[in-house]
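Engineer:
In our numbering, the protein residues as written are 29 to 487.
Here it is as C-alpha cells:
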C-alpha cells in the first residue's frame, strides 16, 4: 500500500497497523499557511531535542528546504519499518510521500571493559549493544577504505540488523562467498543475539567444539580482520562473531600481542597443558588407582589406600560425584549476584569437600584432584572452548573407570579423529598442525618475535 495525498487516509492506515501500540505517537500539526502535517514516531526511540527542532520549523513556516534533507518513502511497509527503528515520519497534506527523519536516540550502556575478557595490558574498551557504536570502534582502529561493512537484516518478527565486516584484498574471496551464501539461507523469526547466527551457519552443529569464535573486544576483532578473517556484528549483542576459527585460537588471550613473545609463548604452552590436565586428570587418577596401581610409587599408593579405608564408593563413583558437585557449585556461582557468587562457589567447595572427607563419603586425594582440575579449567581465555573440555571430562572418567588407561586412550583417539575431520568454513580445525603448514610457528601455541617475522616478509 502506498502513501496517499490525504493525511487522514495515511493516519487511519497507520492507526490500523499500530493498533494497541501505546508507544507509537501520532502528532498532528498545522503549518502557518494552514497546511496539515502529521508526525509519527516512537517517543522512547527519538531524540526529543531534534524532534522539537522539526516541530518548530513546521510551526513557523513550511520549511521545505529543511525537509528535503530527509529521505522520502512512498510505501507503508518501509515507513513502518523506519518507525520501529526509531525514525520520525512526516506526512504533509497534498503530498503522496512521507519524509523519514533519522533522529534515533535511546539509552545505551556505557563502553566498559568486558568482564569475561579482562586483560592485563592493552585497550580497556568493549563492545556494547548498539550496532553503530560497535562499528565506530572498529573503524577508529582501521582507518582504511578497504574495511567494508555489509548491511544485512534477519528475523521476520524482530527485523534485526547485522553487519558483515572484512578487509578487501586480505580476506579470501571464496571464504567471503561461502559466508554470504550461508547467511542468505539463514531464515528465522527472531534474531536476538549473535548466537542465533553462530548455531545456524557453523559446519557441524552437533560438535562440542566451537567453530566460530566470539569476543567482546574491539582490538581482538581488529586483529582478526587484519589477519583475513570475517566478523559478524549483530545489533543488540555485544558479542561479535569471528570466522573461521581454529582450535588454537581458544588459547590466545587479548594481551598476547601486547606482551613480549617469550612470555606469551610460555603462557600459551602452560594454558594448553592446563587444558589437557583439566580434561584428563580425574580419569587418569581413577584408571591408575583402579587398574594400574603398579604404575604409582609404593609410598604414594600406600597413602592413597590408607585414605580410602572406609569409603563406601569405588574411585570412579567417588570422583564422579565430586566433579558433579563442583560443576554445580560453579554454575550456581555464575547465576548468583557477583558480590556473593564467587564466595559461594569457593567457600562452598571447601566446606562441602571438608565435610565429605570428615564424614567418610570421599577420600582426601579426590578433593585435591577435583580442585586441581577446577583450577586448570579456569585457565582458558575462551569460555566457549573451555566448555567441551569440561563436558569430555565425564565420558573419559567413565572410560577410565571401566577400561583403565586403555579406555582413556580409546577416548582420546576418537576425540582426535573428530578434531582432525572438523572444519570451520573450509579451514581444518587443527590447522596449521594438521595438516602441517609452513607458518605453524608464527602465532599458534607459540608466538614468534614480530621483528623476526617482519624481516622474513621483507625478504
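Idealized CB from N, CA, C, for every residue including glycine. Since the model is a prediction, treat every value here as computed from it, not as a measurement.
1. Leaving out five residues before and five after residue 235 in sequence, what residues of the same chain have Cβ atoms less than 8 Å from its Cβ?
2. So, are the CB atoms of residue 475 and residue 284 less than 9 Å apart?
3. With 16 as the cutoff for other CB atoms within 10 Å, does residue 30 come out buried or exposed?
4. Mind checking which residues open and close the beta strand (DSSP E) that includes residue 101?
5. Quick one: is residue 244 buried, meaning 16 or more other Cβ sit within 10 Å of its Cβ, or exposed?
6. From residue 484 to residue 471, what distance separates their C-alpha atoms?
7. Cα-Cα, which of 114, 62, 460, 363 is closest to residue 135?
8. Please report the straight-line C-alpha distance between residue 175 and residue 255, rounded to a whole angstrom.
9. With 16 other CB atoms within 10 Å as the buried threshold, where does residue 247 fall?
10. Would you mind stating whether residue 107 and residue 68 have Cβ atoms separated by less than 9 Å?
11. In terms of residue numbering, what span does the beta strand (DSSP E) encompassing residue 125 cover?
12. Can you name, in chain order, every residue of its own chain whose Cβ lies under 6 Å from the Cβ of residue 302, other than the five neighbours on each side?
13. I'd like to know whether the C-beta atoms of residue 145 and residue 409 end up nearer to each other than 9 Å.
14. Return helix, strand or coil for residue 48, following the three-state DSSP convention.
15. Quick one: Cα of residue 439 to Cα of residue 306, how far?
16. Less than 9 Å separating the beta-carbons of residue 192 and residue 260?
17. Less than 9 Å separating the beta-carbons of residue 183 and residue 132?
18. Could you tell me whether the Cβ atoms of residue 228 and residue 214 are closer together than 9 Å?
Structural biologist: Taking the structure as given:
1. Taking the chain shown and counting its residues from 1, the one referred to as residue 235 is at position 207. Excluding residues within five positions, the ones whose Cβ falls inside 8 Å are 446, 450.
2. For this step, residue 475 is matched to residue 447 along the chain shown. For this step, residue 284 is matched to residue 256 along the chain shown. Residue 475 is a Cβ neighbour of residue 284, given a cutoff of 9 Å.
3. Within the chain shown, residue 30 is the residue found at index 2, counting from 1. Classification for residue 30: exposed.
4. Translated into positions along the chain shown, residue 101 becomes position 73. Per DSSP, residue 101 belongs to the beta strand (DSSP E) from 99-101.
5. Here residue 244 refers to the residue found at position 216 of the chain shown. With 16 or more Cβ atoms within 10 Å of its Cβ, residue 244 is classed as buried.
6. Looking up residue 484 in the chain shown gives position 456. Looking up residue 471 in the chain shown gives position 443. Low local confidence applies: a pLDDT of 49 at residue 484 is under 50, so the model's placement there is unreliable, with the coordinate-based value given in what follows. A straight line joining the alpha-carbon of residue 484 with that of residue 471 spans about 15 Å.
7. Translated into positions along the chain shown, residue 135 becomes position 107. Ranking the options by Cα distance to residue 135, first place goes to 114.
8. Here the question's residue 175 lines up with position 147 in the chain shown. Here the question's residue 255 lines up with position 227 in the chain shown. Counting only the Cα atoms, residue 255 lies some 12 Å from residue 175.
9. In the chain shown, the residue the question calls residue 247 occupies position 219. Under the 10 Å beta carbon count, residue 247 is surrounded by 16 or more other beta carbons and is classified as buried.
10. For the purposes of this step, residue 107 is taken as the residue at position 79 of the chain shown. For the purposes of this step, residue 68 is taken as the residue at position 40 of the chain shown. Going by C-beta atoms, residue 107 is nearer than 9 Å to residue 68.
11. Taking the first residue of the chain shown as 1, we reach residue 125 at position 97. Element bounds for residue 125: n/a, residue is neither H nor E.
12. Here residue 302 refers to the residue found at position 274 when the chain shown is read from its first residue. Exclusion of the five residues before and after residue 302 leaves 404, 407 as the residues of its chain whose Cβ lies within less than 6 Å of its Cβ.
13. Indexing the chain shown from 1 puts residue 145 at position 117. Indexing the chain shown from 1 puts residue 409 at position 381. Closer than 9 Å, so yes.
14. Walking along the chain shown from the start, residue 48 turns up at place 20. In the three-state scheme derived from DSSP, where H, G and I count as helix and E and B as strand, residue 48 is classed as coil.
15. Numbered from 1 along the chain shown, position 411 holds the residue referred to as residue 439. Numbered from 1 along the chain shown, position 278 holds the residue referred to as residue 306. Taking the straight line from one Cα to the other gives about 15 Å.
16. Against the chain shown, residue 192 aligns to sequence position 164. Against the chain shown, residue 260 aligns to sequence position 232. Yes; because the gap between Cβ atoms is below 9 Å, this pair is in contact.
17. Here residue 183 refers to the residue found at position 155 when the chain shown is read from its first residue. Here residue 132 refers to the residue found at position 104 when the chain shown is read from its first residue. No, these two residues do not count as a Cβ contact at 9 Å.
18. The residue you call residue 228 lines up with position 200 of the chain shown. The residue you call residue 214 lines up with position 186 of the chain shown. A contact, by the Cβ cut-off of 9 Å.
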